[in-house]
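S.K.: Quick one: the structure is below, and I'll ask about it shortly.
Chains as they are written, first to last, in the working numbering: chain E, -15 to 265; chain P, 108 to 206.
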């Protein structure tokens, strides 16, 4: 896997806004950013109301994904370029999600909205209407999605990469520091996990660090390239960012994202929890 | 349904419980509030902790813990940062000038 196949720059994107077969999509949890101005021609995907099942705690099913992409005017052979706020967390989540349902050509806009805005590139408020398509999704590719039993079984034998902040990892905070801290689950981390905050994989402007910097980062944290890997965070979007770095940029083959993440694990009865800084050097 | 990790709306006033340590303030450029700035909360070692985007009135807010913090703002008009020390729970005010 090479960087050029999975990541596009803001400069490339601005030159290819009108390119046939390329669809830009903004993905966020809070979609007011899109309404205030989006990349010209970009469609919107609402992480909360469109990608999550409204009742069960799970994703929309295959048929739901087909309907969603058809309505957005995205074809199976389109190249989808995803971007968003929050350092591309939700865009990375959507990237993983598109891969889960077998979309062939999907890329992340390096740096997302932040880089685009810091560069002073154009945004507009035009309504984007694309002709509906007839999209066909695949069954979920479970080689990239981890569930809880598999995570418990992985303790001590797979790389468990906890990408939350050090204070969330140690159990001091239950959520990122821009959120209120009232949560039901216990604090801490999965035993044997290493703590490599997602932010270490990104530069200040939201772009990914170089492959060499990323390799050094994970090696230093005790990441074992010969082992299988599961990444997790609180709800699975920051870990999608790290999943992208490990699998799509660095080319590690067996890397799964645990989307249940700490909100699920920290609420389970009877599973082991480790407190403090753990194995972090 | 679990809410995501996206930041809530910035600005306004909130109820702060007796256990919460809140850092909040504005990003200013020559005294004028800067909306749409990216504000990063860094811990005492300079490690990234969280990031929010300022409201149109330049407001930002973090739910942190007692200790020493740095808040750093990025905007296409310029960058800036400020240090803030939170002695304990409560609301701690801090302003950041960008240039």
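C-beta: ideal position from N, C-alpha, C; glycine also.
On a predicted model such as this, the values are computed, not experimentally measured, just so you know.
(1) In chain order, which alpha helix (DSSP H) runs of at least 4 residues are fully inside the region 70 to 100 of chain E?
(2) Pick out the complete alpha helix (DSSP H) segments inside the region 145 to 221 of chain E, 4 residues or longer, and give them in chain order.
(3) Does DSSP put residue 56/E in a helix, in a strand, or in coil?
(4) Whole angstroms are fine: how far does the CA of residue 143/E sit from the CA of residue 178/E?
(5) Closer than 9 Å by beta-carbon distance: list the chain P residues that pair up with residue 260/E, in chain order.
(6) Name the one or two DSSP bridge partners that residue 132/E has.
(7) Based on the DSSP secondary-structure assignment, which residues constitute the bridge partners of residue 224/E?
(8) Out of 198/P, 181/P, 165/P and 148/P, which one is the CA nearest neighbour of residue 124/P?
(9) Could you please tell me which residues of the region 129 to 145 of chain P, in chain order, have their CB closer than 7 Å to any CB of chain E?
(10) For residue 247/E, name the three-state secondary structure that DSSP assigns.
(11) Helix, strand or coil, according to DSSP, for residue 141/E in the structure here?
(12) Is it the case that the Cβ atoms of residue 142/P and residue 162/P are separated by a distance below 8 Å?
(13) Contact check, residue 117/E vs residue 57/E under 8 Å by CB: the rounded distance?
(14) Determine, for residue 171/E, whether the minimum Cβ-Cβ distance to residues of chain P falls below 8 Å.
(15) Using the C-alpha atoms, what's the distance from residue 157/E back to residue 79/E?
(16) With respect to the beta strand (DSSP E) encompassing residue 114/E, which residues constitute its N-terminal and C-terminal limits?
(17) Comparing C-alpha positions only, which one of 46/E, 215/E and 108/E sits nearest to residue 138/E?
(18) Taking just the CA atoms, how far does residue 204/P sit from residue 38/E?
M.R.: Quick look at the numbers:
(1) 73 to 84
(2) 150 to 154 and 195 to 204
(3) helix
(4) 8 Å
(5) The contacting residues do not exist; residue 260/E stays about 15 Å from chain P at best.
(6) For residue 132/E, which the question treats as bridged, DSSP gives no partner whatsoever.
(7) Partner(s): none; residue 224/E has no beta bridge.
(8) 198/P
(9) 143 and 145
(10) helix
(11) coil
(12) yes
(13) 6 Å
(14) no
(15) 28 Å
(16) Where residue 114/E is concerned, there is no enclosing beta strand (DSSP E), given that its DSSP letter is neither H nor E.
(17) 215/E
(18) 42 Å
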